[in-house]
Each structure stands twice: as structure tokens, then as C-alpha cells.
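Be aware that the sequence shown starts at 1, since it is given in the UniProt record's numbering, and climbs by one per residue. As C-alpha cells, the structure follows; a few thoughts come after it.
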Amino acid sequence: MTVPLDRLDGRRYAVELHPSPERVSQLRRIVAAHLRHWGLDLHVDPVRQGLDELMANVHRHVGEAATCVVELRWRGRHLTASVEDNGPRLPRLLTAGGGGLARVAALSDSWGTCPTAEGKVVWFTRSVESPQDLFRVPRAPVGGIGTAELRREPDPRPLPFGAPAASRESLADAVA
């Protein structure tokens, strides 16, 4: 079942499916299409990768026969992607490996899980701005700390006779 909703308070898309590899492949294309339609092209790859991890966890820990609901919500500043399944165990973040929830955490600004009456929901968010709020005029790059010192040319003027070499920097600073 697919439920596309466009409301004044945001956008929502939800789909119920089995976490089989074929369905996950279809879900990738659907998610990409919705995010592009909403003008969130920059978030397509990270959101798809995060959902891939969550769907793989459902497949691995709950089973391919399980049913899950994948939902996208965008309310202007935050995009939330979630997967709800009927598995009884709440997932936990393992420090080793770099996959699963560790990958989801790396791809998102926040993530979490909560139990439901029939299972659990695992979600992650990304901070986004609506396309009409984006600053569209190119900006000059901002230099980091010490950028001016890195670009400073050596002072071509000779040091006064007998001045120590360390005073070259103080002399250059006094003149600049």
C-alpha cells in the first residue's frame, strides 16, 4: 500500500512491503524519485544508503517474510526516514564493523528507535532546507585560520644590519 500525502505542514510518503532484495531495489528507485520531486536531490544517496541498512537489518533479524512500513517525512527543515517492522528486539549500535546502525548514524544528523505495540520503528533524520530558502548567489570561499599567513610572501626588503633573523616576522607584521 502506498500513501503519498502533500500537506501544508510537510510532505509524507509511506509504503508497506516485504524486505526482499527485489523490493529493496524498487524502494531505492521510489525513494530517489520522491526526494528529487521534493527538490532534495542532495539527500538522495545518503537517504537511500540509510534505508538500505535499515531494510537489511529487517531482512537479517526479522526475516524476509516480515512486513515493514518505510516512511519519508519532510517538514521543511528536517527529513525523517523510518522503517517500522514487527520484530520484537530493539536494535543496538555496535561499535565494531561499521555497518548497520553505525552506518546509519554516520549518514544522518540523528537516529533512534522506539518500541510499538507490534514491534519497533527505527528512524533517522537529516537537516535540510527547502529549495526556496537556499541562498542561490555564489559565495566566496571562506579561508581558515592562518590562511593569510600561508599566503604571505616573504618580505623582499633587507633586514637592518645586525638585526636577528627572528625579527623579520615582527618587522613584516609592523609594516603590514
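Using N, Cα and C, we set each Cβ at its ideal position, and we do this for glycine too.
{"Item": "Determine, using beta carbons only, whether K120 and R77 come nearer to each other than 9 angstroms.", "Value": "no"}
{"Item": "Helix, strand or coil for H61, going by three-state DSSP, please let me know.", "Value": "helix"}
{"Item": "Report the start-end ranges of each beta strand (DSSP E) in the UniProt domain \"Histidine kinase/HSP90-like ATPase\" (19 to 125) that is 3 residues or longer and not cut off at the edges.", "Value": "68 to 74, 78 to 85, 110 to 115"}
{"Item": "Look at H59 and S25 and say whether their C-beta atoms are less than 9 angstroms apart.", "Value": "no"}
{"Item": "For V122, which residues of its own chain have a beta-carbon under 7 angstroms away from its beta-carbon, when the five flanking residues on both sides are left out?", "Value": "L54, S82, V83, P91, T113"}
{"Item": "Are the Cβ atoms of R11 and R28 separated by less than 9 angstroms?", "Value": "no"}
{"Item": "What did DSSP end up calling V128 once you bin it into helix, strand or coil?", "Value": "coil"}
{"Item": "Using 9 angstroms as the threshold, is the C-beta distance between E64 and H34 below it?", "Value": "no"}
{"Item": "What is the rounded straight-line gap between the Cα of M1 and the Cα of P115?", "Value": "Because M1 sits at a pLDDT of 41, beneath the cut-off of 50, its placement in the model cannot be relied upon, and the following sentence gives the value as read from the coordinates. M1 and P115: Cα-Cα distance of roughly 22 angstroms."}
{"Item": "Just mark H37 as buried or exposed, buried being the case when its beta carbon has 16 or more other beta carbons within 10 Å.", "Value": "exposed"}
{"Item": "Are the beta-carbon atoms of V44 and A32 separated by less than 9 angstroms?", "Value": "yes"}
{"Item": "Would DSSP call E16 helix, strand or coil?", "Value": "strand"}
{"Item": "Work out the CA separation of F124 and D109 for me, nearest whole Å.", "Value": "7 angstroms"}
{"Item": "To which residues of the same chain is G87 closer than 8 angstroms at the C-beta, ignoring the five residues directly before and after it?", "Value": "V58, H61, V62, A66, G119, K120"}
{"Item": "If we ignore side chains and look at the alpha-carbon of each, how far apart do V104 and G50 end up?", "Value": "5 angstroms"}
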